[in-house]
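Colleague:
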Amino acid sequence: MLKFDRYGIYCEPARIYIDPWKPVERAIITHAHSDHARWGNKHYLAHHFTVPILKLRLGDIAVQGVEYGETFTINGVQISLHPAGHIPGSAQVRLEYQGKVWVVSGDYKLQHDGISTPFETIKCNHFVTESTFGLPIYKFPESEYLEDAINTWWQNNRAQGNNSVIIGYALGKAQRIIKHLDPSNGAIFTHGAVGSILNAMKGINLQLPETLYASAFTKKDDQGSIIVAPPSAIGTPWLKRFLPFSLGICSGWMQLRGARRRRGADRGFALSDHADWNQLNTAITNTGAENIYVTHGYKSSYARWLRENHKLNAVEVDTLYEGENIEENKPEEIPQSTDIDESVL
Amino acid sequence: MKAFSELYTAIDETTKTNTKVDALVYYFSVADERDAIWCVALLSGRRPKRTIKTGELIFWSMELANIPDWLFEESLHIVGDLAETITLVLPPATQLESFSLHETMREMRNLGKQDDELKKEFVQNIWQHVTTPERFLFNKLVTGNFRIGVSQQLVIKALAKQYHLEEQIVSHRLTGNWDPENITLKELLFSDNSNDDHSKPYPFYLAYQLETEPEQLGDLSEWQIERKYDGIRGQIIIRGNQLFVWSRGEELITEKFPEFSSLHSILPEGTVLDGEILPVKDGMPLPFHLMQTRIGRKNITKKALQDAPLVMMCYDLLELQGQDIRHEPMHLRREKLKKMLDDASLHSINIPLMLSPVLECKNWEEVKMERFRSREFLCEGLMLKHLDSVYESGRRRGKWWKWKVDALTADGVLVYAQPGHGRRANLYSDYTFAIWDGEELVPFAKAYSGLTDKELLQVDSWIKKNTIEKFGPVRSVKAELVFEIAFEGIQPSPRHKSGIALRFPRIARWRTDKSPLEANTKQDLLQLIQSLKAG
Chain A
0 MLKFDRYGIY CEPARIYIDP WKPVERAIIT HAHSDHARWG NKHYLAHHFT
50 VPILKLRLGD IAVQGVEYGE TFTINGVQIS LHPAGHIPGS AQVRLEYQGK
100 VWVVSGDYKL QHDGISTPFE TIKCNHFVTE STFGLPIYKF PESEYLEDAI
150 NTWWQNNRAQ GNNSVIIGYA LGKAQRIIKH LDPSNGAIFT HGAVGSILNA
200 MKGINLQLPE TLYASAFTKK DDQGSIIVAP PSAIGTPWLK RFLPFSLGIC
250 SGWMQLRGAR RRRGADRGFA LSDHADWNQL NTAITNTGAE NIYVTHGYKS
300 SYARWLRENH KLNAVEVDTL YEGENIEENK PEEIPQSTDI DESVL
Chain B
0 MKAFSELYTA IDETTKTNTK VDALVYYFSV ADERDAIWCV ALLSGRRPKR
50 TIKTGELIFW SMELANIPDW LFEESLHIVG DLAETITLVL PPATQLESFS
100 LHETMREMRN LGKQDDELKK EFVQNIWQHV TTPERFLFNK LVTGNFRIGV
150 SQQLVIKALA KQYHLEEQIV SHRLTGNWDP ENITLKELLF SDNSNDDHSK
200 PYPFYLAYQL ETEPEQLGDL SEWQIERKYD GIRGQIIIRG NQLFVWSRGE
250 ELITEKFPEF SSLHSILPEG TVLDGEILPV KDGMPLPFHL MQTRIGRKNI
300 TKKALQDAPL VMMCYDLLEL QGQDIRHEPM HLRREKLKKM LDDASLHSIN
350 IPLMLSPVLE CKNWEEVKME RFRSREFLCE GLMLKHLDSV YESGRRRGKW
400 WKWKVDALTA DGVLVYAQPG HGRRANLYSD YTFAIWDGEE LVPFAKAYSG
450 LTDKELLQVD SWIKKNTIEK FGPVRSVKAE LVFEIAFEGI QPSPRHKSGI
500 ALRFPRIARW RTDKSPLEAN TKQDLLQLIQ SLKAG
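Keeping their order, the protein sequence lines are chains A and B.
Heads up: the first sequence begins at 0 in numbering that gives the first Met the number 0, then just goes up one per residue.
Heads up: the second sequence begins at 0 in numbering that gives the first Met the number 0, then just goes up one per residue.
(1) If the criterion is Cβ atoms closer than 8 Å, does the pair A:I225 and A:I196 meet it?
(2) Residues of the stretch 105-138 of chain B in Cβ contact with chain A at a cutoff of 7 Å, in chain order, please.
(3) What residues are listed by DSSP as bridge partners for B:R409?
(4) What does A:E315 pair with, by DSSP beta-bridge criteria?
(5) At a cut of 8 Å, does the stretch 259-266 of chain B reach the stretch 341-357 of chain B through at least three beta carbon pairs?
(6) Just grab the DSSP bridge partners of A:I27 for me.
(7) With a floor of 3 residues, list each beta strand (DSSP E) that falls wholly inside the stretch 445-475 of chain B, ordered by position along the chain.
(8) DSSP three-state call for A:E323: helix, strand or coil?
(9) Name, please, each residue of chain A whose Cβ falls closer than 7 Å to the Cβ of B:P504.
(10) For a cutoff of 8 Å on Cβ pairs, would you count B:T84 as touching chain A?
(11) What would DSSP say about B:D306, mapped onto helix, strand or coil?
(12) Against chain B, does A:R157 count as a neighbour if the rule is that its beta carbon must be under 8 Å from one of theirs?
(13) Do A:G7 and A:P22 have their CB atoms nearer than 8 Å?
(14) Using a Cβ-Cβ distance cut-off of 8 Å, determine whether A:T163 contacts chain B.
(15) Please confirm whether A:Q110 has its beta-carbon closer than 8 Å to some beta-carbon of chain B.
(16) Start and end of the alpha helix (DSSP H) containing A:K178?
(17) Would you kindly work out how many angstroms separate the C-alpha atoms of B:E537 and A:R259, rounded to a whole number?
(18) If I measure Cβ to Cβ from B:H346 and keep anything under 7 Å in the same chain, skipping five residues before and after, which residues do I get?
(19) From this set, B:L525, B:E479, B:S530 and B:G498, which residue's C-alpha is nearest B:T511's C-alpha?
(20) Identify the contact partners of A:Q91 in chain B, using a Cβ-Cβ distance below 9 Å as the criterion.
(21) Around the Cβ of A:Q91, are there at least 16 other Cβ atoms within 10 angstroms (buried) or fewer (exposed)?
(22) Name the residues in the stretch 132-153 of chain A whose C-beta lies less than 8 Å from a C-beta of chain B; which are they?
(23) Can you tell me the Cα-Cα spacing of B:L531 and B:P286, whole angstroms?
(24) For B:E180, name the three-state secondary structure that DSSP assigns.
(25) Would the beta-carbon of B:V24 fall within 8 Å of that of B:A2?
(26) Any idea if B:P491 is buried or exposed, counting beta-carbon neighbours within 10 angstroms, 16 or more meaning buried?
(27) 8 Å is my cut-off, CB to CB: does B:D539 come that close to chain A?
(28) If you follow the beta strand (DSSP E) that A:E82 is part of, which residue opens it and which one closes it?
(29) Quick one: is B:E454 near chain A, going by C-beta distance under 8 Å?
(30) Less than 6 Å between C-beta atoms, sequence neighbours within five positions excluded: which residues of the same chain meet that for A:H47?
(31) On the DSSP bridge list, what partners appear for B:Y204?
(32) Who are the Cβ neighbours of B:K15 in its own chain at under 8 Å, not counting the five residues just before and after it?
(33) Thinking C-beta only, is B:P504 closer than 8 Å to B:A416?
(34) By alpha-carbon positions, which one of B:M382, B:V473 and B:S392 ends up nearest to B:Y430?
(35) Looking only at its own chain, which residues have a Cβ that is under 6 Å from the Cβ of A:N184, when we skip the five neighbours before and after it?
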């Protein structure tokens with residue numbers, strides 16, 4: 000029912016694409032990260048939390064918002080969106096046609112982050128999965144542990160008279176960080192890119208602590224604050240106003256010492272929007288699917304693992320969900336701080 | 000191991016030396032004495048030998064992680080570090096227990112004689128009962144790859160601070176042969192009698208490169224100018240009628256130099272000389288690589304002894320008749336050194352000791368000229384030493400300066416790349432460069448340092464897009480990027496396809512302004528060798 004063509008993941012009977020990377024007539028968007036939600040489609044369909052962000056990023060587009068679990072039928076294909084747990088509004092797409100069920104999971108995680116609707120297991124025959132962290136070296140610590148670590152780090156920096164600059168992708172990661180910051184430690188400032196996403200998310204009741212725009216920061220009154228900024232801020236003059244500061248980076252890649260040190264981070268927190276090794280294995284087993292399509296990440300080794308150790312019919316699929324796709328493993332593709340591929344953070 | 004792993008993490012996470020010293024002082028103030036001595040031993044490079052084979056560690060970790068070997072290989076390829084890969088593939092600890100550093104180290108040492116089953120039990124037991132940072136540290140120790148980003152100087156500083164001692168004293172006490180199993184930290188630091196270890200060398204006094212014009216050093220008459228020889232810096236010690244030779248890396252290398260074996264009967268008891276060990280024939284230094292071929296060999300052949308007879312070019316006298324004279328001004332030490340060598344040469348004609356000549360210059364201009372002549376004498380440059388300088392410990396500014404000549408350079412084309420390790424894991428950071436031999440590019444240098452982090456990422460991404468072929472981890476790339484390679488020496492070498500071998504090659508800069516056709520040729524470099532010989 001689904002095929003991978005040069006425009007994206009295509010459902011032929013319904014004549015609709017999922018996260019296409021070239022402009023098409025009709026597109027279902029799993030979530031608003033830029034490698035999944037691209038410009039130029041005629042009609043967009045997404046979870047209604049995603050709609051304002053799509054509009055913020057893509058301008059005045061024709062977009063329809065739906066609820067999780069709301070089923071609609073196109074040419075006999077029953078389609079519904081289900082929580083993927085990746086970021087607020089992120090969705091898996093379930094498609095049922097002639098008794099067969101396919102699920103395109105987009106990006107997902109099983110770990111609860113306090114802001115996204117938790118991942119829902121959907122029984123299916125065919126499951127399309129990411130493999131961003133599909134190696135056994137990626138086993139992320141519990142959310143609570145990381146949240147505590149971030150607050151403690153902030154406290155210690157403050158005690159030494161330093162600001163804390165914490166880096167996370169503006170959509171999803173930043174809100175997750177802010178959600179768990181302890182406002183009794185001090186003031187929370189946001190970079191403009193983070194601020195505009197926060198505005199676009201006003202309709203979602205995330206119950207975040209109060210944040211201030213970074214432009215309001217003064218050395219005199221605000222030393223010891225935390226500043227939430229996107230990866231593109233690293234190494235820019237914009238950061239200088241917060242000196243002296245300690246730099247913390249939130250990303251699954253921070254699990255590796257080499258990645259941590261290369262970025263010049265004082266601290267790395269392995270806080271990720273993606274499923275780690277154990278989560279991937281759990282999610283896939285729980286779907287009961289016999290056919291697995293492994294996309295962006297360590298796809299060839301992860302597909303082999305599924306074939307040999309889970310006895311599943313698993314194949315790797317080329318997609319454009321990882322910036323430029325040049326047959327490399329993903330960590331090799333982490334561009335330098337200033338132009339980090341936002342989808343992986 | 001918990002406190003030690005916290006120390007490791009604290010040091011690993013900062014580049015600021017003060018923070019590192021604070022972390023060390025804190026550790027020494029809280030650690031069990033028996034652990035602290037092990038910490039000092041490990042931080043000063045006294046790593047125990049590996050007692051478990053790497054292959055077995057990998058096998059036992061795969062067993063616990065329940066993964067096949069190909070997946071371990073994939074993971075290792077991504078992480079780029081064995082100890083870290085094992086740490087990460089293992090499942091989280093089942094229950095935390097506390098293991099002391101000294102007991103762990105003792106057991107690890109004794110494992111050599113044990114059978115595999117016991118080794119496995121020891122290793123897996125620790126893996127399953129410690130935190131991730133402790134596990135990483137343990138793996139670094141058990142694989143024999145423990146390294147940490149603190150210099151000896153910082154350890155000394157921290158110990159001096161914690162125990163209210165002078166840094167110079169701490170520095171000396173830490174040298175020589177001692178075993179953390181048989182001595183406590185207090186015994187090591189407070190033994191008022193350093194004679195209990197005859198072999199103990201003094202900490203070396205090292206100089207920084209002079210970055211200013213020499214005129215800024217003031218009156219030339221207050222300075223002594225010597226050549227900076229290119230050999231192995233070492234100390235010759237005569238104590239207890241025995242001879243000890245130490246390298247600057249604090250390695251006891253007496254056995255490697257049979258030339259010196261008779262010295263204990265020529266030099267007076269209680270003598271310590273500082274100098275450069277180098278091959279010399281007919282009074283002239285020979286190229287370093289002649290010595291290199293015999294270092295590292297267990298048995299030195301007669302031929303090697305004839306081809307590269309070694310001497311020590313003596314710089315300084317640190318101990319005379321059992322008295323430490325490092326606090327005396329250099330001109331006095333020099334007089335005493337000269338007298339000692341004169342006396343010794345009365346004893347026997349062919350002693351393997353020479354006095355490093357002082358260059359007589361009338362003004363700084365002449366000093367500059369002498370510096371330019373360094374390569375004629377196979378020297379790296381000059382040493383400028385203040386006549387009143389005492390012999391300090393470690394690298395210091397002010398009274399001693401090295402003034403090396405600028406490196407030689409050549410432009411080469413990037414032809415092969417492979418990923419680095421540690422901080423550079425997963426980045427194509429180890430390069431092979433080639434020069435033209437007619438129409439053909441022949442590799443002439445390997446280098447992995449010299450680029451900024453930003454350039455490194457640019458080159459890395461270029462390599463991935465311009466790969467021609469893959470050979471395991473190595474990739475051949477399109478001949479397009481040109482780099483200026485700096486090096487300290489160049490020798491003809493029939494073993495290399497390019498016909499030459501470089502000493503200390505590194506990347507000076509990325510020549511984005513040059514096309515590959517503008518890179519140097521084999522002919523250029525052979526000419527360079529000729530011109531250097533001609534002086």
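Each residue gets a CB set at the ideal place from its N, CA and C atoms; glycine is no exception.
Quantities reported herein were computed from a predicted structural model and do not represent experimental measurements.
Modeller: Reading it off the structure:
(1) Within the first sequence, the letter at position 226 stands for residue 225 of chain A. Within the first sequence, the letter at position 197 stands for residue 196 of chain A. It is not a contact, given that the beta carbons lie outside the stated cut-off.
(2) Answer set for the stretch 105-138 of chain B: empty.
(3) By one-based count along the second sequence, residue 409 of chain B stands at place 410. Here residue 409 of chain B turns out to be Ala, not Arg, going by the sequence shown. B:A409 pairs with B:I484.
(4) As a position in the first sequence, residue 315 of chain A is number 316, starting the count at 1. Note: A:E315 sits in a beta bridge opposite A:V293.
(5) yes
(6) The sequence position of residue 27 of chain A within the first sequence is 28, counting from 1. According to DSSP, which records beta bridges pairwise, A:I27 is partnered with A:I17 and A:L44.
(7) 466-470
(8) Position 324 of the first sequence, counted from the start, is the residue given in the question as residue 323 of chain A. Bear in mind that a pLDDT of 22 at A:E323, under 50, signals an unreliable position, so the number given afterwards is only what the model happens to contain. Coil.
(9) Here the question's residue 504 of chain B lines up with position 505 in the second sequence. Near B:P504 there are no residues of chain A at all, since even the closest Cβ is about 23 Å away, more than 7 Å.
(10) If you number the second sequence from 1, residue 84 of chain B lands on position 85. Yes, its Cβ sits closer than 8 Å to a Cβ of chain A.
(11) The sequence position of residue 306 of chain B within the second sequence is 307, counting from 1. Three-state result, B:D306: helix.
(12) Taking the first sequence and counting its residues from 1, one reaches residue 157 of chain A at position 158. Not one chain B Cβ lies under 8 Å of A:R157.
(13) Along the first sequence, one-based indexing puts residue 7 of chain A at 8. Along the first sequence, one-based indexing puts residue 22 of chain A at 23. Cβ atoms of A:G7 and A:P22: not closer than 8 Å.
(14) By one-based count along the first sequence, residue 163 of chain A stands at place 164. For clarity, residue 163 of chain A is Ser in the given sequence; the question names Thr instead. Cβ-Cβ to chain B under 8 Å: no for A:S163.
(15) As a first step, residue 110 of chain A must be located in the first sequence, where it is residue number 111. Chain B has no Cβ within less than 8 Å of the Cβ of A:Q110.
(16) Within the first sequence, residue 178 of chain A is the residue found at index 179, counting from 1. A:K178 -> alpha helix (DSSP H) spans K172 to K178.
(17) The question about residue 537 of chain B has no answer, for chain B in this structure spans 0 to 534.
(18) By one-based count along the second sequence, residue 346 of chain B stands at place 347. Contacts found: I265.
(19) Translated into positions along the second sequence, residue 511 of chain B becomes position 512. When each option's Cα is compared against that of B:T511, the closest is B:E479.
(20) Here residue 91 of chain A is taken as the residue at index 92 of the first sequence, counted from 1. Neighbours of A:Q91 on chain B: none; closest Cβ ~27 Å, over 9 Å.
(21) Within the first sequence, the letter at position 92 stands for residue 91 of chain A. Buried: at least 16 other Cβ atoms inside 10 Å.
(22) L134, P135, I136, Y137 and K138
(23) As a first step, residue 531 of chain B is located in the second sequence; it is residue number 532 there, counting from the start. As a first step, residue 286 of chain B is located in the second sequence; it is residue number 287 there, counting from the start. Their Cα atoms are separated by approximately 12 Å.
(24) The sequence position of residue 180 of chain B within the second sequence is 181, counting from 1. Coil at B:E180, not helix or strand.
(25) Counted from its first residue, the second sequence places residue 24 of chain B at position 25. Counted from its first residue, the second sequence places residue 2 of chain B at position 3. No, the Cβ-Cβ distance between B:V24 and B:A2 is not below 8 Å.
(26) Within the second sequence, numbered from 1, the residue matching residue 491 of chain B stands at position 492. Exposed, by the Cβ-count rule.
(27) Lying outside 0 to 534, the shown extent of chain B, residue 539 of chain B is not represented and no answer is given.
(28) Within the first sequence, numbered from 1, the residue matching residue 82 of chain A stands at position 83. The question names Glu, but residue 82 of chain A is Pro in the sequence shown. Unbroken beta strand (DSSP E) run through A:P82: V76 to P82.
(29) The residue given as residue 454 of chain B occupies position 455 in the second sequence. B:E454 has a beta carbon lying at 8 Å or more from every beta carbon in chain A.
(30) Looking up residue 47 of chain A in the first sequence gives position 48. These residues qualify, in order along the chain: G64.
(31) Residue 204 of chain B sits at position 205 when you count from the first residue of the second sequence. DSSP lists B:G393 as the bridge partner or partners of B:Y204.
(32) Numbered from its first residue, the second sequence carries residue 15 of chain B at position 16. If we look at B:K15 and ignore the five residues flanking it on each side, it has no Cβ neighbours.
(33) Sequence index remark: in the second sequence, residue 416 of chain B carries index 417 (1-based). Sequence index remark: in the second sequence, residue 504 of chain B carries index 505 (1-based). In this structure, B:P504 does not lie closer than 8 Å to B:A416 by Cβ.
(34) By one-based count along the second sequence, residue 430 of chain B stands at place 431. Per the Cα distances, B:V473.
(35) Taking the first sequence and counting its residues from 1, one reaches residue 184 of chain A at position 185. Within the same chain, A:N184 has close Cβ partners W153 and Q154.
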